[in-house]
Amino acid sequence: MSDNLSSVAFAGSTGNEGAATDTATFGAGCFWCVEAVFQQVEGVLKVTSGYCGGHVVNPTYEQVNTKTTGHAEVAQIIFDPKKISFDELLEIFWQTHDPTTLNRQGNDVGPQYRSAVFYHNAEQKAKAEKYKEELNKSGAFSAPIVTTVEAYKNYSEAENYHQNYYNLNKNSNPYCYYVIKPKLDKFDKVFKDKKRKS
């Protein structure tokens, strides 16, 4: 995989430049990882771990873990489109997980760990599909991208103990050190120009 996917990014409006905030929702394995990465991004105002895309209303973590609700673990990202674009968030999304493994990130296995972009409008859908197509054509990854582009539906916030997980547990849970920290290190290396200033 390339260290920089920006060569396949494309310019364009998200349609929300006049809005004060916009929302992106990504599934990329365990939501603790995705949340921790996007908390580092300049222009991101809030990141919330949650569940999206299933057929059960307000599922619990235990229900989602049965692999029967259809939900993915996601990070919901509220961002300032004047400071960071949806395209830039997509680039970070694809660079900080493996979008070529179906229903899996490392040892986290199951449909709840699928790589997914949950679009909030037609423009986000078009951008995600186009970016995925360009990445596949470019050969940026050694295998085809299996990321799904799905309509945003049945989202609910995860339980409180999942929120801000890395920051609250990095010194006590080995998962934080062995799984989340390498993703943060990669973000720091590849996206230092997009790192939050304060």
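Position 153, counted from 1, in the sequence shown is what the working numbering calls 1352; the numbers after and before it change by one each time, with no gaps.
Idealized CB from N, CA, C, for every residue including glycine.
Residue i versus residue j - alpha carbon distance
i     : j     : result
D1297 : A1218 : 31 Å
K1281 : E1241 : 11 Å
Q1262 : A1271 : 12 Å
P1343 : K1331 : 10 Å
Y1360 : V1246 : 14 Å
N1320 : G1252 : 15 Å
Q1304 : D1392 : 26 Å
N1257 : G1228 : 19 Å
T1384 : A1325 : Note on identity: in this sequence residue 1384 is Asp, with Thr being the wrong assignment. Using only the alpha carbons, I get a separation of about 30 Å.
E1287 : N1306 : 27 Å
N1335 : K1382 : 22 Å
A1210 : S1371 : With a pLDDT of 40 at A1210, under the threshold of 50, the predicted position of this residue should be treated as unreliable, though the coordinate-derived value follows. One C-alpha to the other measures close to 42 Å.
T1224 : S1314 : 11 Å
K1380 : P1373 : 10 Å
CB-CB length for residue i against residue j, believed under 8 Å
i     : j     : result
Y1318 : Y1351 : 6 Å
I1276 : T1222 : 7 Å
V1348 : C1232 : 20 Å between Cβ atoms; not a contact.
Those residues which DSSP pairs with residue i across a bridge
i     : result
K1324 : K1324 is not bridged to any residue.
F1237 : Looking at the DSSP assignment, F1237 forms no beta bridge with any residue, so it has no partner.
I1277 : T1222 and K1245
V1398 : Outside the displayed span of the chain (1200 to 1397) sits residue 1398, for which this structure offers no information.
S1314 : A1227
S1355 : Y1250
Q1294 : In DSSP, Q1294 forms no bridge with anything.
D1307 : Q1304
E1349 : F1317
K1394 : V1240
Beta-carbon proximity check, residue i vs residue j, cutoff 9 Å
i     : j     : result
Y1260 : Y1354 : no
V1236 : T1299 : no
D1387 : Q1239 : yes
Q1323 : E1234 : no
L1289 : A1327 : yes
G1226 : V1316 : yes
F1340 : V1273 : no
S1248 : Y1364 : yes
Cutoff 6 Å; reference residue i; Cβ partners in own chain excluding five residues on either side
i     : result
K1369 : C1375
H1254 : G1269
P1310 : K1266 and N1302
K1394 : Q1239
K1329 : none
A1406 : No answer is possible for residue 1406: it lies beyond the span of the chain, which begins at 1200 and ends at 1397.
Own chain partners of residue i with C-beta closer than 8 Å, once the 5 adjacent residues on each side are dropped
i     : result
L1194 : Not covered by the structure: residue 1194. The range shown for the chain is 1200 to 1397.
N1264 : G1309 and Q1311
N1366 : A1235 and Q1238
Residue-chain proximity (residue i, chain D), Cβ-Cβ < 9 Å
i     : result
A1350 : Looking for chain D here will not work: only one protein chain is present.
Same chain, Cβ closer than 7 Å to residue i, neighbours up to 5 away in sequence not counted
i     : result
K1396 : E1241
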